[in-house]
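Chains as they are written, first to last, in our numbering: chain A, 8 to 121; chain B, 7 to 126.
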């Protein structure tokens, strides 16, 4: 079956530094990926998505890079702030007949040190 | 973005009692909702897919009689943990997609705020 996994379970960065969270996937047919952010005690929130016809997509302080050759994507957070401390999941949605299921990675816990 | 309201945020109950968790889509209709379970420091585990007006679809290993799902309207799905036991203690989260229009690019999920269940 398809898997989506993160490289590191934890990441600690200094406030103001850039953060890079990595994710690997196994299914070459995967064409759409989403990054979610989950703060402690809350449900996940959508951050940014990317389709396979793109290599890069930028949002506000976040950039997602997709390398289809090595089946790898990354989430880059610029000028990391304390409010960025959370668990980050990469996810691969999959179409069903009438619903959307997503395969989630294990999550990377980002800790921002002041 | 779409808003999904989940209640309660936390609940403590005695072993053997039943607990109901509600999930509402506030600004759109949701014919499908998803229920997840999440243990500390772990990823989300899909338990079941709730379908408005029909039976829920449960993932392998999830007891349908234990976790009752009702999706009676286009804006409300409920998960009832029946005869709860300490091993049912977990963080439960609902989600849905904005289905209008429905396409691969609208597969991003909108999550409720989660319910922390503690069974004594």
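Here a beta-carbon is modelled for each residue, glycine too, at the ideal position from N, C-alpha and C.
> Can you tell me the Cα-Cα spacing of residue 106 of chain A and residue 100 of chain A, whole angstroms?
Replying inline: The residue labelled residue 106 of chain A in the question sits at position 99 within the first chain. The residue labelled residue 100 of chain A in the question sits at position 93 within the first chain. Note that residue 106 of chain A scores 41 on pLDDT, short of 50, meaning its location in the model is unreliable; the coordinates nonetheless yield the value given after this. Roughly 10 Å separates the two Cα atoms.
> Can you name the start and end residues of the beta strand (DSSP E) that residue 4 of chain B belongs to?
Replying inline: Absent from the structure is residue 4 of chain B, since the part of chain B shown begins at 7 and ends at 126.
> According to the neighbour-count rule (16 or more other Cβ atoms, all chains shown, within 10 Å of its Cβ), is residue 68 of chain A buried or exposed?
Replying inline: For the purposes of this step, residue 68 of chain A is taken as residue 61 along the first chain, with counting starting at 1. Burial call: exposed.
>> Cutting at 6 Å between CB atoms, please list the residues of its own chain near residue 50 of chain B, excluding the five before and the five after it.
In response: Taking the second chain and counting its residues from 1, one reaches residue 50 of chain B at position 44. Excluding residues within five positions, the ones whose Cβ falls inside 6 Å are 42, 44.
> Does the region 20-31 of chain B come close enough to the region 30-45 of chain A to have 3 or more Cβ pairs within less than 8 Å?
Replying inline: no
>> For a quick check, are the C-beta atoms of residue 35 of chain A and residue 75 of chain A less than 9 Å apart?
In response: Locating residue 35 of chain A in the first chain gives position 28, counting from the first residue. Locating residue 75 of chain A in the first chain gives position 68, counting from the first residue. The answer is yes: Cβ separation under 9 Å.
> Counting only runs that start and end within the region 71-124 of chain B, where is the beta strand (DSSP E) found for 3 or more residues in a row?
Replying inline: 73-79, 82-87, 96-103, 115-117
>> Spatial neighbours of residue 21 of chain A within its chain, please: C-beta separation below 7 Å, excluding the five flanking residues on both sides.
In response: As a position in the first chain, residue 21 of chain A is number 14, starting the count at 1. Here the set comprises 120.
>> Using CA atoms only, rank isn't needed, just tell me which of A/114, A/78, A/91 is closest to residue 58 of chain A.
In response: Counting from 1 along the first chain, the entry for residue 58 of chain A is found at position 51. Considering only alpha carbons, the answer is A/78.
>> Using a Cβ-Cβ cutoff of less than 8 Å, which residues in the same chain neighbour residue 112 of chain A once the five nearest sequence positions on both sides are dropped?
In response: Walking along the first chain from the start, residue 112 of chain A turns up at place 105. Excluding positions up to five away in sequence, the list reads 11, 12, 13, 30, 96, 97, 98.
>> If the criterion is Cβ atoms closer than 9 Å, does the pair residue 22 of chain B and residue 95 of chain B meet it?
In response: Residue mapping note: residue 22 of chain B aligns to position 16 of the second chain, counting from 1. Residue mapping note: residue 95 of chain B aligns to position 89 of the second chain, counting from 1. No, the pair does not count as a contact, with Cβ atoms beyond the cut-off.
> Going by DSSP, what residues sit across from residue 36 of chain A in a beta bridge?
Replying inline: For the purposes of this step, residue 36 of chain A is taken as the residue at position 29 of the first chain. Looking at the DSSP assignment, residue 36 of chain A forms no beta bridge with any residue, so it has no partner.
>> If you measure between the beta carbons of residue 53 of chain A and residue 32 of chain B, is that distance less than 9 Å?
In response: Residue mapping note: residue 53 of chain A aligns to position 46 of the first chain, counting from 1. Residue mapping note: residue 32 of chain B aligns to position 26 of the second chain, counting from 1. No, the pair does not count as a contact, with Cβ atoms beyond the cut-off.
>> Looking at chain A, is there any beta carbon in it that lies within less than 9 Å of the beta carbon of residue 122 of chain B?
In response: Here residue 122 of chain B is taken as the residue at index 116 of the second chain, counted from 1. Closer than 9 Å to some Cβ of chain A, the Cβ of residue 122 of chain B qualifies, so yes.
> For residue 56 of chain A, which three-state DSSP category applies?
Replying inline: Within the first chain, numbered from 1, the residue matching residue 56 of chain A stands at position 49. Note: residue 56 of chain A maps to strand in three-state DSSP.
> Between which two residues does the beta strand (DSSP E) containing residue 51 of chain B stretch?
Replying inline: Residue numbering aside, residue 51 of chain B sits at position 45 when the second chain is read from its first letter. Unbroken beta strand (DSSP E) run through residue 51 of chain B: 51-57.
> residue 118 of chain B touches chain A at which residues, Cβ-Cβ below 7 Å?
Replying inline: Translated into the one-based positions of the second chain, residue 118 of chain B becomes position 112. The answer, in chain order, is 50.
> With 16 other CB atoms within 10 Å as the buried threshold, where does residue 3 of chain B fall?
Replying inline: What the structure shows of chain B is the stretch from 7 to 126, and residue 3 of chain B is not part of that stretch, so it cannot be assessed.
>> Can you check which of these residues, A/32, A/116, A/61, is closest to residue 92 of chain A by C-alpha distance?
In response: Residue numbering aside, residue 92 of chain A sits at position 85 when the first chain is read from its first letter. Looking at the Cα atoms, A/116 is the closest of the given residues.
> Would you report the Cα separation of residue 81 of chain A and residue 20 of chain B, rounded to the nearest angstrom?
Replying inline: Here residue 81 of chain A is taken as the residue at index 74 of the first chain, counted from 1. Here residue 20 of chain B is taken as the residue at index 14 of the second chain, counted from 1. Whole-angstrom Cα-Cα distance: 43 Å.
> With burial defined as no fewer than 16 other Cβ atoms inside 10 Å of the residue's Cβ, what is the status of residue 3 of chain B: buried or exposed?
Replying inline: Only positions 7 to 126 of chain B appear in the structure, and residue 3 of chain B is not among them; the question remains open.
>> Which residues in chain A have a C-beta closer than 7 Å to the C-beta of residue 114 of chain B? List them in chain order.
In response: As a working note, residue 114 of chain B is residue 108 in the second chain. Residues of chain A passing the Cβ test: 41, 53, 56.
> Which two residues bound the contiguous beta strand (DSSP E) that contains residue 72 of chain A?
Replying inline: For the purposes of this step, residue 72 of chain A is taken as the residue at position 65 of the first chain. Residues 69-74.
>> Against chain B, with Cβ distances strictly below 9 Å, would residue 66 of chain A count as a contact?
In response: Here residue 66 of chain A corresponds to residue number 59 of the first chain, with the count starting at 1. So no, residue 66 of chain A is outside the interface.
>> Here's the rule I'm using: 16 or more other beta-carbon atoms within 10 Å means buried, otherwise exposed. How should residue 86 of chain A be labelled?
In response: Taking the first residue of the first chain as position 1, residue 86 of chain A is located at position 79. It counts as exposed.
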